[in-house]
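Colleague: I am attaching a structure below and will ask some questions about it afterwards.
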Amino acid sequence: MNSQTPKAEGSFAPAAGSASAPDVQRMAATLDAALERLEQARPFARHRHRPPVLAVVGRMIAVPGGLEALHERAPRMDSAGLFHGSDWDNPGALLPQLIGQTLAAGDPALVALEVASLMRLLAVARGEAAHPAVHADFARHFLTQALALNLRHFFAAPSEADRELAGADPRRDVFRYIAERVGLEDVLGLLVDEIWRILDQRPVQVGPVKEMITQIAVAMTREDVTSGGARTGAERLVAALFGPTTQCRDDPGLTAYFERLGHLDEAGLMHEASGFARAMHDTGLVSDYHAAFLRWIVCDTDLDLVDETLGLGPTGKECRRRWRTLVNELVAAAISERTPQAVHGLALMLERGLLHIPPMVPALRRQMTARLAPAPAERLRLAYGEAPSPETRVLAGVLEVLGQPLGVGQGANPTCQSARAIAMWSMNDPDYLLHVVCQAAESDTVMMHFEGRPIRSADLPAGLAASAPLDADPVSVLLVPHLDRIYAEMGRLCADRGGDPHQWINPEFHGWWVPRECLVAVDVATGLLSEFDRFLTRFLQAYDPRFNGGRPVIHPQPAGVAATDSAARFVGWHAIAIQRVSEDQHGEMRVYFYNPNNDSGQDWGGGVVVSTAGCGERHGEGSLPVEQFAARLYLFHDDPVPPPGIAAPPPAEILARIRAMAAETWAADRQPPDSASLLAGEA
1 MNSQTPKAEG SFAPAAGSAS APDVQRMAAT LDAALERLEQ ARPFARHRHR
51 PPVLAVVGRM IAVPGGLEAL HERAPRMDSA GLFHGSDWDN PGALLPQLIG
101 QTLAAGDPAL VALEVASLMR LLAVARGEAA HPAVHADFAR HFLTQALALN
151 LRHFFAAPSE ADRELAGADP RRDVFRYIAE RVGLEDVLGL LVDEIWRILD
201 QRPVQVGPVK EMITQIAVAM TREDVTSGGA RTGAERLVAA LFGPTTQCRD
251 DPGLTAYFER LGHLDEAGLM HEASGFARAM HDTGLVSDYH AAFLRWIVCD
301 TDLDLVDETL GLGPTGKECR RRWRTLVNEL VAAAISERTP QAVHGLALML
351 ERGLLHIPPM VPALRRQMTA RLAPAPAERL RLAYGEAPSP ETRVLAGVLE
401 VLGQPLGVGQ GANPTCQSAR AIAMWSMNDP DYLLHVVCQA AESDTVMMHF
451 EGRPIRSADL PAGLAASAPL DADPVSVLLV PHLDRIYAEM GRLCADRGGD
501 PHQWINPEFH GWWVPRECLV AVDVATGLLS EFDRFLTRFL QAYDPRFNGG
551 RPVIHPQPAG VAATDSAARF VGWHAIAIQR VSEDQHGEMR VYFYNPNNDS
601 GQDWGGGVVV STAGCGERHG EGSLPVEQFA ARLYLFHDDP VPPPGIAAPP
651 PAEILARIRA MAAETWAADR QPPDSASLLA GEA
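Going by our numbering, the sequence shown opens with residue 1, and the numbers climb by one from there.
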């Protein structure tokens with residue numbers, strides 16, 4: 001057994017009445033017989049013989065020794081055609097982040113398919129089998145990714161609820177089995193890399209990341225993790241969360257920490273303040289000790305260490321000193337060890353210089369005195385618990401969103417339009433954002449206008465989301481239900497006009513800075529491509545500095561992409577915002593954009609992988625080379641009155657390459673009957 005095998009503590013005990021070894025042998029024989037019938041069936045009849053195989057696989061998962069038997073038979077299950085016609089048929093296109101959800105979904109057939117697929121990849125990773133679509137290195141990397149993303153399910157000691165559900169939730173046993181054969185050290189190293197990749201994007205919601213770091217801290221305590229690089233990265237993360245400074249490095253607890261502070265001189269306190277700031281800006285994470293220290297400095301001492309504790313630069317320092325009283329009031333009202341991330345939001349808000357915008361100071365003072373209506377207060381309690389108060393949660397959330405506009409994410413809800421609106425208001429019109437927040441908080445409604453017509457969210461039915469999001473930041477929890485309804489209502493009001501409704505919705509929904517001309521790559525009625533060359537030419541002339549006279553993007557602009565999965569299959573239309581277009585440090589022209597998903601680093605298939613760091617991205621941006629981005633773009637806005645004489649026509653070879661990339665992915669089935677060869681670049 002690998003030296004990094006998880007210890008026995010925390011593993012599931014067999015459920016009452018679980019099968020014994022002879023029962024495993026009997027089930028294995030039943031599985032062999034079912035596989036033989038599947039192997040011998042003609043291709044058109046195999047669908048009738050798969051359910052019996054899956055039924056036996058499902059029963060064997062929870063049986064002691066069952067996973068070993070499935071592991072041994074995984075290559076045979078694959079060659080027999082168990083995965084044929086399913087998403088698991090091409091293991092190279094599977095996504096490790098979906099495995100935990102599938103195993104917990106409760107559908108016995110899907111669980112059985114997922115486990116059989118994992119056992120197949122495990123056999124390939126260990127050199128026990130071969131597969132034409134994946135090699136051993138890929139299989140091992142895939143499994144370590146899956147384990148890293150599900151570390152909490154197999155490493156932490158089970159709760160009472162876990163024990164009760166042991167027979168229903170196979171994740172712990174399955175992931176432990178794989179970890180014993182892959183090696184925990186690789187898993188921890190990959191998990192550390194994944195956390196740093198996410199933190200590079202500076203999300204507002206860091207709860208899942210903090211949970212993963214907690215599991216790393218447990219793993220480093222329980223396991224013999226000796227890999228230098230992995231351990232160094234892990235120690236930085238754990239220290240940033242649990243002990244970023246000298247006086248709290250051993251995580252003594254707040255009571256003991258404050259006792260230590262009482263013995264420090266001014267130099268020692270300055271060292272603490274700068275240590276907190278370095279850790280926060282290095283990782284984007286805020287320790288509970290950091291929040292408590294800042295509050296102590298502001299509320300209980302007369303020390304002037306706020307600038308150092310927040311790690312402010314010249315702009316932030318000048319803003320804080322000009323509005324010292326307001327900043328201190330925000331610290332007292334919004335920041336505590338229960339809302340530590342608001343420290344980061346406050347620091348970045350000051351660095352943006354937002355308090356110099358005249359309406360912002362009175363708007364923040366209004367927010368500090370706002371009292372939530374019963375319904376929004378209850379939503380926030382459901383999302384975050386009773387303490388602190390919903391008012392404190394919203395104020396802390398406001399600081400985070402104002403400081404990190406590109407960190408707003410939509411969670412698991414189909415509300416990319418609403419999340420994008422919140423981010424764009426924070427970037428372009430922050431006092432309007434506070435106006436909308438105050439409406440939703442105090443009156444449980446939002447008033448907007450569509451072409452002069454008032455729309456009140458309280459009068460509208462539900463929009464795209466089935467329910468209010470609870471897995472998002474406080475501002476999104478508060479606003480998204482209202483914005484979602486208003487967006488849907490705007491769509492209803494222009495549904496009979498023909499054309500894409502975003503032409504009228506986006507300028508009304510987002511703001512005046514959205515141009516009124518909207519270009520769409522497809523004919524809305526048929527879904528087929530329409531004047532695609534003109535569409536691409538207008539995009540390049542509007543946004544690419546090489547073809548628009550070097551003009552930058554002034555305001556981030558809403559746009560739509562044809563979302564595709566890692567196999568380049570069309571998934572749906574997705575709302576993003578184009579932030580800027582410029583050369584990266586390697587001289588390649590790239591589009592930098594905001595994706596309201598919680599993670600912008602996505603594989604869109606066909607070699608198109610969104611970068612989130614290393615190509616000139618600012619925190620929260622994703623980026624692609626211009627041609628790759630244009631090949632996925634389906635909607636953008638442009639000024640109907642372009643400046644004369646500055647737009648240059650893009651070369652025909654650029655258009656041909658973009659057409660070809662589109663034809664190979666989302667546009668493959670959208671070619672007009674008379675222009676298939678043109679789209680493919682053959683004309």
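Backbone N, C-alpha and C fix where the C-beta goes; we use that ideal spot for every residue, glycine too.
Can you pull the DSSP bridge partners for P454?
Modeller: Answer is H449, bridged to P454.
Colleague: If we ignore side chains and look at the alpha-carbon of each, how far apart do D162 and M212 end up?
Modeller: Low confidence applies here, because D162 scores a pLDDT of 43, under 50, leaving its location unreliable; read the following figure in that light. Roughly 18 Å between the two C-alpha positions.
Colleague: I'd like to know whether the C-beta atoms of V187 and A217 end up nearer to each other than 7 Å.
Modeller: Cβ atoms of V187 and A217: not closer than 7 Å.
Colleague: Taking the straight line between their C-alpha atoms, what separation do you get for G616 and H586?
Modeller: Distance between the alpha carbons of G616 and H586 is about 9 Å.
Colleague: Quick check: what's the CA-CA separation for V327 versus L364?
Modeller: Straight-line Cα distance between these residues: approximately 10 Å.
Colleague: Closest to M684 by CA distance: which of P75, H290, D304, W425 is it?
Modeller: Because residue 684 is not part of the residues shown, which for the chain are 1 to 683, the question remains open.
Colleague: Pick out whichever of D459, G409, Y432 has its Cα sitting closest to the Cα of H445.
Modeller: Correcting the residue type first, residue 445 is Thr in the shown sequence and not His. Out of D459, G409, Y432, D459 has the C-alpha closest to the C-alpha of T445.
Colleague: Would a C-beta distance cut-off of 7 Å place A116 and M77 closer than the cut-off?
Modeller: Cβ distance < 7 Å, so A116 and M77 count as in contact.
Colleague: Return yes when the Cβ of G284 is within less than 7 Å of the Cβ of R197, no when it is not.
Modeller: Not a contact, by the Cβ cut-off of 7 Å.
Colleague: In the region 500-544, which residue ranges form an unbroken beta strand (DSSP E) of at least 3 residues, counting only runs that do not cross its ends?
Modeller: Qualifying beta strand (DSSP E) stretches, in chain order: 517-520.
Colleague: Can you give me the start and stop residues for the alpha helix (DSSP H) that I486 sits inside?
Modeller: 474-493 is the span of the alpha helix (DSSP H), which, as asked, contains I486.
Colleague: Thinking G403 and G311 are a contact (beta carbons under 8 Å), I'd like their distance in whole angstroms, please.
Modeller: The Cβ separation is near 12 Å, so there is no contact.
Colleague: Quick check on DSSP: helix, strand or coil for E664?
Modeller: Coil at E664, not helix or strand.
Colleague: Using DSSP's beta-bridge definition, name the partner residues of H574.
Modeller: According to DSSP, H574 bridges with V561.
Colleague: Under the three-state reduction of DSSP, which class applies to E627: helix, strand or coil?
Modeller: The answer is helix: DSSP assigns E627 an H, G or I state.
Colleague: Alpha helix (DSSP H) containing R393: first to last residue?
Modeller: R393 -> alpha helix (DSSP H) spans 390-403.
Colleague: With a CB to CB cut of under 7 Å and the five nearest residues on each side skipped, what residues in its chain are close to H555?
Modeller: If we look at H555 and ignore the five residues flanking it on each side, its Cβ neighbours are N428, W513.
Colleague: Touching or not, the region 105-116 and the region 54-68, by the rule of three or more beta carbon pairs under 8 Å?
Modeller: Touching, yes, given that three or more Cβ pairs across the two stretches are closer than 8 Å.
Colleague: Pull up the distance between the alpha-carbon of E400 and that of G407, whole angstroms please.
Modeller: Approximately 9 Å between the Cα atoms of the pair.
Colleague: Does chain C have any CB closer than 7 Å to the CB of Y432?
Modeller: In the structure shown, chain C cannot be found, because there is only a single protein chain.
Colleague: Grab me the residues of P454's own chain with a C-beta within less than 7 Å of its C-beta, minus the 5 sequence neighbours each way, in chain order.
Modeller: Answer for P454: M447, listed in chain order.
Colleague: Have a look at A125, D193, R231 and flag the residue whose alpha-carbon is nearest the alpha-carbon of A179.
Modeller: Residue A125 is the option with its Cα nearest to A179.
Colleague: Let me check understanding here. Comparing Cα to Cα, which of K317, G189, T369, R322 lies closest to A347?
Modeller: For A347, the nearest C-alpha among the options comes from K317.
Colleague: Assuming A146 and A567 make a contact with CB atoms under 8 Å, what is their CB distance in whole Å?
Modeller: Their Cβ separation, rounded to whole angstroms, is 18 Å, which puts A146 and A567 out of contact at 8 Å.
Colleague: Using the Cβ count rule (16 or more neighbours within 10 Å means buried), how would you classify P501?
Modeller: Label assigned to P501: buried.
Colleague: May I ask which residues mark the beginning and end of the beta strand (DSSP E) holding D638?
Modeller: Note, D638: beta strand (DSSP E), 633-638.
Colleague: Would the region 637-648 and the region 601-619 be scored as touching if the rule is three or more Cβ pairs under 8 Å?
Modeller: No, the region 637-648 does not touch the region 601-619.
Colleague: According to DSSP, simplified to helix, strand and coil, what is F686?
Modeller: Since the displayed the chain opens at 1 and closes at 683, residue 686 lies outside it and no answer follows.
Colleague: With the cut-off set at 7 Å, would you say S443 and L483 are in Cβ contact?
Modeller: For S443 and L483, no; Cβs fall outside 7 Å.
Colleague: For Q628, count neighbouring C-beta atoms within 10 Å of its own C-beta (all shown protein chains included) and say buried if the count is 16 or more, exposed if not.
Modeller: Looking at its Cβ environment, which holds 16 or more other Cβ atoms inside 10 Å, Q628 is buried.
Colleague: Please classify A525: is it buried, with 16 or more other beta-carbons within 10 angstroms of its beta-carbon, or exposed?
Modeller: Classification for A525: exposed.
Colleague: Can you list, in chain order, the residues of its chain with a C-beta nearer than 7 Å to that of Q503? Leave out the 5 residues immediately preceding and following it.
Modeller: If we look at Q503 and ignore the five residues flanking it on each side, its Cβ neighbours are C518.
Colleague: State the start and end residues of the unbroken beta strand (DSSP E) segment that holds F593.
Modeller: Its beta strand (DSSP E) spans residues 589-594.
Colleague: Which whole-angstrom value is the C-beta distance of P75 and R120, which I expect to be below 8 Å?
Modeller: So it is a contact: roughly 7 Å between Cβ atoms.
Colleague: For the region 209-262, which segments carrying the alpha helix (DSSP H) assignment without a break, of at least 4 residues, lie completely within its bounds, in sequence order?
Modeller: Entirely contained in the region 209-262, the alpha helix (DSSP H) runs reaching 4 residues are, in chain order, 228-242, 254-261.
Colleague: For the alpha helix (DSSP H) containing E272, list its first residue and its last residue.
Modeller: Residues 266-283.
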